[in-house]
Structures are given as C-alpha cells and as structure tokens.
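Beneath this line is the structure, given in structure tokens, with notes to follow.
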Amino acid sequence: MTPHAAILPLLIPFVAALLQLAAKAYGIGVQRAIGLIAALLGVAATLWLVWLTDDGMVRVYALGDWVAPFGIVLAADRLAAAMSLLTALLGFGALLYASAGFDAQGRHFHPLFQLQLFGLQGAFLTGDLFNLFVFFEVMLLASYVLLAHGGGLARTRAGLAYVALNLAGSALFLIALGMLYGTLGTLNLADVAQRLQTPGMDVAPARLACMLLVAVFALKAALLPLSFWLPHAYAAAGAPVAALFVIMTKVGIVSILRVQAVAFAPAATTADLLDGWLLPLALTTVLFAALGALAALRLRELAAWLVLASAGTLLLVPVFPQADVTAAALYYLVQSTFVAAALFLIAELVAVRRGEASDVFQPGPRLHTPWLGLAFLLAAASAVGLPPFAGFLGKLMLLSALRDSGSAATIWSVLLIAGLLLMLALARGGGRLLWERSPSHPHGSTHPFGWRRSLAVALLVSPALLLAIFARPVADYAARAAAQLHAPQEYVAGVLGGRAIARETRP
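As structure tokens, this is what we get:
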C-alpha cells in the first residue's frame, strides 16, 4: 500500500461520494454513516502520509503509470501531507456537526461534501498546474451548491457574488495556463521550474502568465481588493459549510507558497515577481479585516472577518521566502484554521440558544450552556493571540521570524494594531452575547444540542490548547516542512525522477 499512499486521501472521498449517491434510496442515515466512516478513514490515511513523508522523501504517484511531465502526478512532501491532514481533520469535525440535522435541509449534501474534500485534497497534493485547475473546479462546483444548502435569500445573494467572482477566476486561470503552456511547453510544476531557468527563454509572456497565476491564487486567498466576496459568503453559509470553507483560502495561500518556492524564486526571470506589491496589499487586507470585524453586527460575520485577517497575515509570507518565516506561518495557519472553523459552529449554537436574539451582538436571554461560553472564550483568545494559547505562539513565531526584514516596523505595527482591534471586536461581541440580559428576551432555548454538535465544537476548539501544549514537536515539523519547501531541487528531482526532460521550448 505504501506506493499508493499519496492517492488515498483523494480516493477515499471520491469512492464515498459514489457510494452515497448509490445509497440515496436507503435514506440519509446510511449516507451519514458512509460519510463519517470515510472521514475517519481519511484522517487515518493522511496521518499515515504525514508519517511517511517525514523522512524527507517526496512521495510521487503517477496515475496510469504515466511519468512526469507527460502524465498526471501527485506529489506528497511534508507540506502537502500536513495540509492534507488538516483538511481531513477539519472535514471530519464539520461533517460530524452537519450530521446532527443540517445535512437534511437540502438534497445531495453528503456526496457534495465528499467531492469538496476530494477537490481540496487534490489541490494540495497535485504536482501539475492543469490538474490544480481541475481540482479547483471540483472544489468550487461543490462549494457553489453547499453555500446555498438550506436555502434563504441571504445565501442566494452571497452565492451569486461568490459564483461570479470564481468563474472570472477560473477563466483567468485557463488563460494563464494556456500562456504558460504556449511559452514553456509544460504545466508540470517541477518541469515549469526547470523551463523558467532555460537560457534565451521569451521572458515577457512567461512573466505575464505567472503573474496571472498569482492573481488567481490571490483571488482564492481573498487578497484585497479581491476579498469583498468572502465576509458575505462565509457569514451566509451554514455553520458546517462555513467551517469547511475556512481552509479554502489556505488553498490559494499554499498555492502561492508552492509556485513561489519551487518555480519562481529559483528563476531569474520570475524571482522578483511578488516584490513591491504583495506586502502592502497583504497588510491592507489585515487592517481591512480588523476594521470589518469591529463593525460586525453578529458573531458569524465576525468569524468571517477573522478568516480574512488570517489570510492577510499569511499572505505576508511569500514576500519573504525564508524557511524560518514559512515555518512560523505554517504553525499559525493550522491554529487559525481550527479556531475560525470552531467560531462558525459556536455562532450557530449561540443563535439556537438565544432564539429570536440569534447571534446578533445585542442583549438577549441567558445561554444556559456554560461550556459553550467557555468554548467561545477559548477560541476568541486564541484568534487574537492571547497567551498561553496557540494563537499567541503562532503570532510570536511569525513576528520573531520577520524582525530582521526591512519592513519589520511596518509589519509589526499593522499586525499588533489589527490584533488590538480584533480583541476589542471579540470582547464587545462576547460581552453582549454571554453577559448582557434583555427583558424583551427573558427565555432562551434549553433543548440539548446532542453529542455530535458538542463533540464537533470540542474537536475544533481543542487545538487552541493542544497546539500550545505540543508546540515544540509541531513547530519542529513545520520547520522541516519549510526547509523542504525551500529546497526545490528535492521536489523537482522527486517528481521528474532526478533527470531533466530534454526538449525545445515552444515558440
């Protein structure tokens, strides 16, 4: 089974989706069982992949035994394996929550959820830019329907903007791939890295194609000014859908990190592609998100702005292609993903408890659920970076890694100011939700949530503590993953078998 380890995270959700479609006549209970079993198998498979790749070798799987650069390849290194595990864990938590009743609010939820996981896993594991486009489309097609699951005017409106922007992004992606293939004659990422270093290459179209690629990834990562869709879409989505959507911005960020480290940075023609523009836009995104959080009127909106703030913070990293900066960012990425996902689930449970007051930041009835308030405080403290939680360690590592950069003063100022604004927003919201009472809403719901919802929240909140308790081994793994990412010759040799493919660049 070891040679097939890289494809298992994709194969499991794909087969599960087919089985769920076939089991539709047997009721949603069978679909739930298939989905949860598949999600657990996915966690086990990705844990195994993390263990396998930690020896430093790139696990390459050539579909149909067609070798790179001509065939479709999956390439699992430490970074890809870690993101695959993060996706599997997040997917299990979101699916466990959805299986408590949200999945019954519309049709085909479970097959679409598995296809979403399939697209996410493929995007992290593929070694080919065209197949990255394919996995993006699978992921986005599933997300279009999941966003509208349960119906409602707000979800329909948010879905229209989400679909329109992502269709434009898909068109740009295809244009970029066409230009890149026409210039370099390949779309395999390892082969692109070699082609970009070819003497006498036509520089202008190659740079333009690479710039279009970065623009597409920036749209997926919600970089300002391409980020206006995110707060409305994520706030309108159902809680488990929004929780899974949190990792979609990370797909764009990791894609930028990957192409920058493997292909752009080693080539003189594209080494400076991100210079001068990404840093100010990333910092502006962070500030914009912090101000949006301060203006949020309900908890689910605030959670959406937190996703955008973390995306802006992580988009600083490609500007500084250094292993220590990337390692700090990977630690921060993991904890921020879990915390934001947990807040979406908490927001819905708060809304259920408060009845008509919902999750709006206004006085309401007593929650009658002490653990829910504790979960909110834990997630909020980690989100803004308060000690001793994982969010504090992640921000501390990132700020420490950036202290010697020429823009350190600006970066530190923006991140600390944004952190203060986010803390004020969460403190204001938490105070009104948890402590302020309203005579017009004297009684809230006391109906039990059920073990699945409670366990899902616990699973997604617990990393705020666990990642702090086990910070050393997690940070060490992140350092090894970053070092491997910034040694692209290992990736190229692993994918291409240690040899260059000799052929002329296309005119």
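Going by the numbering used here, the first residue of the sequence shown is number 6, and it counts up by one from there. Where a beta carbon is used, it is the ideal one built from N, C-alpha and C, also for glycine. Owing to the predicted nature of the structure, the values given are computational and were not obtained by experimental measurement.
- P323 and I17 have their C-alpha atoms some 32 Å from each other.
- Each residue's CA atom was taken as its position, placing L151 and A242 some 8 Å apart.
- Selection E495, L229, W53, G98 evaluated against A248 yields G98 as nearest (Cα-Cα).
- Less than 8 Å separates the beta-carbon of L228 from that of A287.
- In this chain, the beta strand (DSSP E) harbouring R64 covers 64-67.
- Where L398 is concerned, the enclosing alpha helix (DSSP H) starts and stops at 395-406.
- With 16 or more other Cβ atoms from the protein chains shown falling within 10 Å of its own Cβ, W310 counts as buried.
- Restricting attention to L134, S363, L122, G127, the CA atom closest to the CA of V246 is found in L122.
- Around the C-beta of E353, 16 or more other C-beta atoms lie within 10 Å, and the residue is accordingly described as buried.
- In the DSSP assignment, V500 falls within the alpha helix (DSSP H) that extends over 493-501.
- In summary, A240 is buried, with 16 or more beta-carbon neighbours lying within 10 Å of its beta-carbon over all protein chains present.
- When DSSP states are grouped into helix, strand and coil, D133 belongs to the strand group.
- If you check the CB distance, F141 and F178 come in under 8 Å.
- Y102 is positioned such that its CB atom lies closer than 8 Å to that of R458.
- In the DSSP annotation of this structure, the continuous segment of the alpha helix (DSSP H) that includes L379 starts and ends at 375-389.
- Under the DSSP assignment, L79 falls in the beta strand (DSSP E) whose first and last residues are 78-81.
- Collapsing the DSSP output to three states places V355 in a helix.
- For S467, the closest alpha carbon among the candidates I252, L296, S341, W53 is that of S341.
- As a beta-bridge residue in DSSP terms, V365 pairs with R303.
- In the displayed model, R437 falls within a helix according to three-state DSSP.
- The DSSP-derived three-state label of R457 is helix.
- Contact between A181 and V208 is absent: CB atoms are separated by about 16 Å, not below the 8 Å threshold.
- The three-state reading of DSSP puts R371 in coil, since its state is none of H, G, I, E or B.
- Here Y337 is buried, its C-beta having at least 16 other C-beta atoms within 10 Å.
- Per DSSP, R112 has no beta-bridge partner at all.
- In summary, Q494 is exposed, with fewer than 16 beta-carbon neighbours lying within 10 Å of its beta-carbon over all protein chains present.
- Here L201 is buried, its C-beta having at least 16 other C-beta atoms within 10 Å.
- For D196, the enclosing alpha helix (DSSP H) has its first and last residue at 194-200.
- When Cβ pairs closer than 8 Å are counted between the two stretches, the region 468-485 is seen to touch the region 390-398, the count reaching three or more.
- If the five residues before and after G257 are omitted, its C-beta is found closer than 6 Å to the C-beta atoms of F222, K225, A226, all from its own chain and listed in chain order.
- T51 places its beta carbon 8 Å or farther from that of A85.
- By the criterion of a C-beta distance shorter than 7 Å, F135 is surrounded in its chain by L182, L192, once the five residues flanking it on both sides are discounted.
- Across the structure, G127 and R442 are spaced so that their CA atoms are roughly 48 Å apart.
- Per DSSP, the unbroken alpha helix (DSSP H) holding I39 starts and ends at 33-58.
- Separation of L407 and A27 (C-alpha to C-alpha, rounded to the nearest whole angstrom) is 52 Å.
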